[in-house]
Amino acid sequence: MDAIFSLPPALMILYAEIHYTFRLGFSLVRTDFPEIIADLPWRIEPGQKIPILCLIKDADQYPIFLDEIVVTAQWGGKGSLSRSFPLDPEPIKAHFWHRILEFPHEEIPPGPVRIDVLFLGRRRGRTFRFYNDNYRRLSHASLQTMLACDPLPNMSDWHPGDPHIHSSFTEDQAEFGAPPEATGQMARAMGLSWTAITDHSYDLDDQPRNPLAHDPELKKWRELVRRISNLNQREKDFVTLLGEEVSCGNARNRNVHLLAYGVPNFIPGSGDSAEHWLRTEPTLNLREALEIIGRAGGLAYAAHPEEFGSILEKILLRRGPWSMKDYTLPGLSGLQIWNGTRDHGLARGLARWIQLLLRGKRLFIIGGNDAHGNFNRFRQLRLPFIALRESGKQVFGRVRTHLYCPGGVSHEALLLALRKGQAITTDGPFATFQVQNERGQRAFLGQSISGQEITVEILAKTSREFGALERIDLYCGEIGGREKRIRNLRRGRDFQDQTKVNLKERYITIRRSSYFRLEVETAAGERTWRAFTNPIWINPAPGIEKDDEYQG
Ligand SMILES: [Zn+2]
Ligand SMILES: [Zn+2]
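Residue 27 is where the sequence shown starts when you use this note's numbering, and the numbers rise one by one after that.
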């Protein structure tokens, strides 16, 4: 093992680990302090307290006394509120230490709020004070949040969540996430009702404190399973799904990422771990991984499949793209095409998904953020050991998947909705639709129905936070043919209401096996937000063509 070349993956999206120095023994960001970080959700659902996450890492190597944390909120021109949180007199010596301070919200009006977290303490007899984090060369700028005036746009029986987040169990040379317990609390405060923790297969099989050493006993994995199960027993109306981001080999034997949900056992995959120089061979190929997931009763989505990494990742980590061969393997439920930002990865993902639908593949889409902690903004190593960077990308909960669980959220209900494609993906508005055939039968997202004269009932909703409804597009794809936008509804022309639209498009004639799907856009000034639904399939000739995949 040659540590110099154990470069961290270039797509790293976590809190920055600053203590790891390679054998060069040199790092401009290294200090002899533990990492001290404050974080909070980027939005707060009405009625929720403001949870301030304080995280200290590596205090086992660099113990400190933390005497007091002072949180100050400022809003408007001169609104201000401060609270002091005294702490235990014992020194902090844990590898991972965290507290969630509950800051009152009652006195703060809805709208943007700036929050500063002052850490006061001592190390080696000297006092210190840090604002917001102690990373050198970062801004220490105030954290920003938004006390929402309305709940997330949604409908009853639908549950927003984030299907792709990393926790503190993703911890390696360059990055680490927040503890699963903190993730749940932050998610709930921002208005989510579930999240799936999907740590990397190549991190879950490491020795607890040594990311470069494999642990045949899988202590980390077992600990994660235990913690998530405890968490779910404690929480009501919030579910943390156990997931895994499995590295496995595509058709060309290059590493791709697969999200596995509902699998009780660990699935190995360390091809792109960067833990062993030049050992980048995938552990399992996609087909094998999908078989394992299927046998275990779980389900699988391709993780950010059309987001291409850097040249360095291709060369050093043998990462590669998904091909049609990969997407059409049995056992794949769908694609996580939206990964935190509206970028080329989403545009290509959407194009690829449509291509697959037109070939008759019944695949679904979901959206998440691939956040590693980062509830507010994103801090990571840019060039390892030289500089850190911050940005607003890949922040937890920005892109959400709403799942239809009519009996309320539970582990089983969420998995069922993911399996059946009863999901919509959005960074703002809520949108769904159902169809009715000439005999009055109905079908819902992810389902299929027979019929030739189809009525489509559309529902779209937004709130002041996510702009006004501007555009509702209904698409129809003919299997084996092309996808067309068959309705292009605009506010002012086809509907008037800014916040809620419920309309019927009657008697759309279907001649070939087809699907419908919906896209909705809202806008406020320059900013726009978007929602995508999963399809409903229509079969014009019952009994002749099966509901199944088109064989063309
Ligand atoms: Zn990934
Ligand atoms: Zn990930």
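Just so it is clear, CB atoms sit at the ideal spot from N, CA and C, and this is done for glycine as well.
Query raised in the report: Are there three or more Cβ pairs, one per stretch, closer than 8 Å when the segment 258–277 is compared with the segment 214–231?
Result: yes
Query raised in the report: Rounded to the nearest angstrom, how far is the Cβ of ARG69 from that of MET216, given a contact under 8 Å?
Result: 5 Å
Query raised in the report: Between HIS226 and the rest of its own chain, which residues show a CB-CB distance below 6 Å, the 5 nearest in sequence each way excluded?
Result: Closer than 6 Å at Cβ, skipping near neighbours: THR196 and GLU271.
Requested in this report: Leaving aside the five residues before and after TRP364 along the sequence, list all residues of the same chain whose C-beta is less than 6 Å from its C-beta, in chain order.
Outcome: LEU372, GLY393, VAL425 and THR451
Query raised in the report: How should ILE337 be labelled, buried or exposed, when 16 other C-beta atoms within 10 angstroms of its C-beta is the threshold for buried?
Result: exposed
Query raised in the report: Using the C-alpha atoms, what's the distance from LEU495 back to TRP555?
Result: 9 Å
Query - N-terminal and C-terminal residue of the alpha helix (DSSP H) that ALA208 is part of - result: 206–215
Report task. Examine ligand 1 and report whether any of its heavy atoms sits within less than 7 Å of the Cβ of GLU271. Result -> Correct: GLU271 has its Cβ closer than 7 Å to ligand 1.
Query raised in the report: Where does TRP348 sit, in a helix, a strand or coil, going by DSSP?
Result: coil
Query raised in the report: Should ASP298 go down as buried or exposed, given a rule of 16 or more other Cβ atoms within 10 Å for buried?
Result: buried
Query - Span separating the alpha-carbon of ALA208 from that of ARG109 - result: 20 Å
Query raised in the report: Cα separation between LEU218 and GLY151?
Result: 43 Å
Requested in this report: Kindly examine ligand 2 and report whether one of its heavy atoms sits closer than 7 Å to the Cβ of ALA329.
Outcome: yes
Query raised in the report: Is PHE195 helix, strand or coil when you go by DSSP?
Result: coil
Query raised in the report: Does ligand 4 have a heavy atom nearer than 7 Å to the CB of ASP188?
Result: Although ligand 4 was asked about, the structure shown includes only ligand 1 and ligand 2 as ligands.
Query raised in the report: Could you give the distance in angstroms between the alpha-carbon of GLY73 and the alpha-carbon of CYS175?
Result: 9 Å
Query raised in the report: On the three-pair Cβ rule with 8 Å, is the segment 156–171 touching the segment 123–134?
Result: no
Query raised in the report: So, do the segment 473–493 and the segment 518–534 have three or more beta carbon pairs nearer to each other than 8 Å?
Result: yes
**Report entry** Secondary structure of ARG516, DSSP reduced to three states
**Finding:** strand
Report task. Rounded to whole angstroms, what's the CA-CA distance from ILE391 to ASP231? Just pull it up for me. Result -> 29 Å
Query raised in the report: ligand 2 heavy atoms versus the CB of ASP396: any closer than 7 Å?
Result: yes
Query raised in the report: DSSP three-state call for ILE90: helix, strand or coil?
Result: strand
Report task. Could you name the residues that DSSP lists as bridge partners for ILE562? Result -> ILE562 is bridged to PHE542.
Query raised in the report: Would the C-beta of HIS192 count as close to ligand 1, meaning under 7 Å from any of its heavy atoms?
Result: no
Query raised in the report: Looking at C-alpha atoms only, which residue of PHE558, ILE62, GLN233 and PHE292 is the closest neighbour of GLY147?
Result: ILE62
Query raised in the report: For ligand 2, any of its heavy atoms closer than 7 Å to the Cβ of THR559?
Result: It does not: the Cβ of THR559 is nowhere closer than 7 Å to a heavy atom of ligand 2.
Query raised in the report: Mind checking whether the beta-carbon of THR209 lies closer than 7 Å to any heavy atom of ligand 2?
Result: no
Query raised in the report: Taking the alpha-carbon positions, what's the PRO138 to LEU127 distance?
Result: Taking the straight line joining both Cα atoms gives about 19 Å.
**Report entry** Sequence-distant residues of the same chain with beta carbon closer than 7 Å to GLU307, five excluded per side
**Finding:** Excluding residues within five positions, the ones whose Cβ falls inside 7 Å are GLY297.
Query raised in the report: Mind checking if LEU144 is an interface residue toward chain C, Cβ cutoff 8 Å exclusive?
Result: Protein chain content of the structure displayed is limited to a single chain, and chain C is not contained in it.
Query raised in the report: So the alpha helix (DSSP H) TRP379 belongs to, where does it begin and stop?
Result: 370–384
Query raised in the report: Is the closest heavy atom of ligand 1 to the C-beta of HIS124 under 7 Å?
Result: Not so, every heavy atom of ligand 1 lies at least 7 Å from the Cβ.
Query raised in the report: When DSSP labels each residue in this structure, what does PHE145 get in the three-state scheme?
Result: Residue state, collapsed to three classes: strand.
Query raised in the report: CB-CB under 8 Å to ARG445, same chain, minus the five flanking residues each way: which ones, in chain order?
Result: LEU325 and SER359
Report task. Taking GLN448 as the reference, give the member of ASN514, GLN462 and PHE558 with the closest Cα. Result -> PHE558
Query raised in the report: Comparing the CB of HIS185 with every heavy atom of ligand 1, is any distance shorter than 7 Å?
Result: Result no, Cβ not under 7 Å from ligand 1.
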